[in-house]
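So for the sequence shown, the numbering used here puts the first residue at 8; every next one is plus one.
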Amino acid sequence: MRQDGRMVARPTRATKTTKTTKAIKTKRTTGAAGGRPPADRVAPARRPDVRLPPLVPYEGALEADGDFDGLEFLAADLAGQSGPGARFMDCALTDCALDEAALGRARFLDSVLTRVRGVGTELGGATLRDVEVVDARLGGTQLHGAVLERVVVRGGKIDYLNLRQARLTDVVFEGCVLAEPDFGGAVLTRVDFRDCALRRADLTAATLKDVDLRDAAELDIAKGFERLAGAVISAAQLLDLAPAFAASLGVRVVD
8 MRQDGRMVAR PTRATKTTKT TKAIKTKRTT GAAGGRPPAD RVAPARRPDV RLPPLVPYEG
68 ALEADGDFDG LEFLAADLAG QSGPGARFMD CALTDCALDE AALGRARFLD SVLTRVRGVG
128 TELGGATLRD VEVVDARLGG TQLHGAVLER VVVRGGKIDY LNLRQARLTD VVFEGCVLAE
188 PDFGGAVLTR VDFRDCALRR ADLTAATLKD VDLRDAAELD IAKGFERLAG AVISAAQLLD
248 LAPAFAASLG VRVVD
């Protein structure tokens, strides 16, 4: 081929193929975002966006399979009341007593529970979706087999929380104390513990994915160290947990 009076060789088919192959290799290596995501990246939990409408005060009692929509339970004494299968949608429960309240299979949707208190509250098989729990003081709460999705537990203290066989997705425990929580057989996906004291937790047979423990104020695992696969901890936490890890593996550390 002539160019400016000179003979220039036409690119051969092999040359074109080589250039194309290099381009493909480069694209596959770098990718659209410049390569694979960092290994330490954890998918964050999606927080609920609860916006309550104007609420109507409610002064009645709980009912089995009751339908509570857009209501405000203010300083209500619900201790010992029975409302299995009840649905709470766009509700606010503030300063309520929940001692031994029977709320199995209840559904809390787009609701806020503030400063609720009680011992032995029954919530087995319940559903909490787009819910905020703020400054709760609870003990022995039964949430076995429950489904928690887009839930924030902020502040307060919960002792002996039973989450066995529960499913937690996009849940944040923030600035609270969890004393001896039982996650036995539970499935945790995108769960964050932020400035949360996790004391004597039981992870027996639990399944964890994208569980971020790095910002936990305290991290104390009583059982189920081997189930931490799928969680992320800091280097400092690893050093703190090293003796317990060794003991769980039957390793003796002798100086």
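Heads up, the beta-carbon is just placed ideally off N, CA and C, and yes, glycines get one too.
- The residue from 145, 60, 104, 61 with its alpha-carbon nearest to that of residue 185 is 145.
- For residue 166, the closest alpha carbon among the candidates 183, 187, 172, 51 is that of 187.
- Counting along the chain, the unbroken alpha helix (DSSP H) around residue 252 starts and ends at 242-255.
- For residue 154, the enclosing beta strand (DSSP E) begins and ends at 154-166.
- Beta-carbon to beta-carbon, residue 176 and residue 156 are separated by about 5 Å, close enough to satisfy the 8 Å threshold.
- Of the residues 254, 63, 227, 53, the one whose Cα lies closest to the Cα of residue 96 is 63.
- Between residue 104 and residue 79, the CB-CB gap reaches or exceeds 8 Å.
- Shown here, residue 235 sits in a helix according to DSSP, grouped into three states.
- Under DSSP, residue 64 shares a beta bridge with 79.
- A distance below 8 Å separates the beta carbons of residue 55 and residue 137.
- By the neighbour-count criterion, in which 16 or more other beta carbons inside 10 Å mark a residue as buried, residue 118 falls on the buried side.
- The straight-line gap separating the alpha-carbon atoms of residue 73 and residue 235 is approximately 39 Å.
- Residue 139 sits in a strand when the DSSP states are folded into three classes.
- Around the CB of residue 222, fewer than 16 other CB atoms lie within 10 Å, so the residue is classed as exposed.
- With 16 or more neighbouring CB atoms inside 10 Å of its own CB, residue 217 falls in the buried class.
- For residue 202 and residue 179, the gap between their C-alpha atoms comes out near 10 Å.
- Spanning the alpha carbons of residue 69 and residue 91 requires a straight line of approximately 9 Å.
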